[in-house]
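> In terms of this note's numbering, the sequence shown opens at residue 14 and continues consecutively.
Mind having a look at this structure? Questions to follow.
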Amino acid sequence: MNIQLMVFNPAGERGEGEEIVLVNPVVQKATKKTLLCNEGCLSFPGIFADIERPASVKIDARDIKGARFRFNLSKLPARVFQHEFDHLQGDRFIPDRSAMDFDVAHCLLTQPRKEKEKNEVVSPAKEAYRKILAQTFLNNRSRILVFCKRPPTATEGMLTALYDSASSNQNKVARTKRYIPQSADRTLDAPDLVDDFYLNLLDWGSRNVLSIALDNTVYLWNSSKGSPSELLTVQEDIGPVTSVNWAPDGQQIAIGLNNSDVQLWDSSSVELVRTTFKLAKICNHLSYMQYFLLCSLFV
């Protein structure tokens with residue numbers, strides 16, 4: 014049987030590419046100097062392994078016409094030829110032989126042939142017994158070629174300890190019950206509070222200060238101190254106050270008036286910061302959205 018290896022020479026004698034067929038190639042001589050190469054194969058894409066190859070080889074073969082053909086190869090061409098020559102010799106590219114159990118591989122390869130030769134009907138009890146043996150001794154292995162070592166598996170005791178630890182921590186978390194008071198904690202007297210559904214005269218700020226508009230006056234009640242204070246009182250011709258709303262910082266407060274003005278006050282210094290433009294209608298509701306102040310108008 015003749016073994017043929019096709020080699021493509023991109024240069025050729027005329028500067029054009031040519032195909033050279035080597036019949037029964039043999040590595041006649043190889044140097045003792047070897048090179049360690051990280052080599053792969055198209056049969057197993059994405060898999061590489063470190064393989065030692067002679068730095069240069071001398072090839073003896075015959076061409077397609079039967080004429081003697083000898084040549085020397087070194088470096089990359091020598092590695093490529095030896096790789097393909099290994100295929101011709103039946104040595105397929107197996108990256109990790111140390112991770113393979115050849116006895117188990119031989120059993121998996123010959124088992125279907127033995128079953129075919131016997132041609133016997135296997136009872137359910139025998140099939141169950143075979144599965145138990147395969148699980149015990151073969152660890153349910155079905156692969157014959159192994160390309161990398163499996164990562165070490167954690168011991169069963171360690172997994173059980175981690176699971177028990179996580180379960181115990183979850184059981185320790187106690188469910189908290191929300192306390193809902195059955196009676197008022199404190200009652201504040203608010204005379205002259207306008208009874209109008211469309212007016213927003215109360216607002217609780219982020220600094221735990223309650224603002225309340227009573228007719229023409231705006232009061233602030235600090236819940237931590239428990240004492241009220243007067244912020245402002247407007248004149249009769251522009252009052253009463255129709256809406257109040259705290260800024261997100263809890264320091265500035267927006268106040269809507271009956272004459273369609275909106276004023277911004279600093280609660281710390283008790284000073285008027287600015288008065289916005291006059292609206293077309295009375296501002297019944299104020300609301301801050303980050304740095305924007307929204308005003309709702311009801312006709």
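Ideal Cβ placement from N, Cα and C applies to all residues, glycine included.
All values derive from a computational prediction rather than experimental measurement.
Take the Cβ of residue 221 as the centre, count every other Cβ of all protein chains shown within 10 Å, and call the residue buried at 16 or more, exposed below.
So residue 221 counts as exposed.
> When the distance is taken between beta carbons, is residue 254 closer than 8 Å to residue 247?
Contact: yes.
> Buried or exposed: which applies to residue 218, given that a residue is buried once 16 or more other Cβ atoms fall within 10 Å of its Cβ?
Per the 10 Å Cβ criterion, buried.
> Residues bridged to residue 285 by DSSP?
Paired residues: 278.
> Determine the contact status of residue 74 and residue 48, defining contact as a CB-CB distance below 8 Å.
No, the Cβ-Cβ distance between residue 74 and residue 48 is not below 8 Å.
> Determine the extent of the alpha helix (DSSP H) in which residue 142 is found, giving its start and end residues.
Its alpha helix (DSSP H) spans residues 137–146.
> Which whole-angstrom value is the C-beta distance of residue 300 and residue 307, which I expect to be below 8 Å?
The Cβ separation is near 5 Å, so the contact holds.
> With a threshold of 6 Å on Cβ separation, who are the neighbours of residue 252 within its own chain once the five nearest residues in sequence on each side are excluded?
Result list for residue 252: 229, 271, in chain order.
> Rounded to whole angstroms, what is the Cα-Cα separation between residue 275 and residue 304?
The alpha-carbon atoms of residue 275 and residue 304 are separated by roughly 16 Å.
> Contact defined as beta carbons within less than 8 Å: I believe residue 81 pairs with residue 72. What is the distance between those atoms, to the nearest angstrom?
About 11 Å; that fails the 8 Å criterion.
> So, for residue 27: in the same chain, excluding its five sequence neighbours on each side, which residues have a beta-carbon less than 6 Å away from its beta-carbon?
With a pLDDT of only 48 at residue 27, under the threshold of 50, the placement of this residue in the model should not be trusted; the figure read from the coordinates follows. Correct list: empty, nothing qualifies.
> Whole angstroms is fine: what's the gap from residue 269's alpha carbon to residue 289's?
Using only the alpha carbons, I get a separation of about 10 Å.
> Which residues mark the beginning and the end of the beta strand (DSSP E) in which residue 250 is found?
Per DSSP, residue 250 belongs to no beta strand (DSSP E) and is neither H nor E.
> Compute the beta-carbon to beta-carbon distance between residue 297 and residue 211, rounded to the nearest angstrom, for a pair I have assumed lies under 8 Å.
So it is a contact: roughly 5 Å between Cβ atoms.
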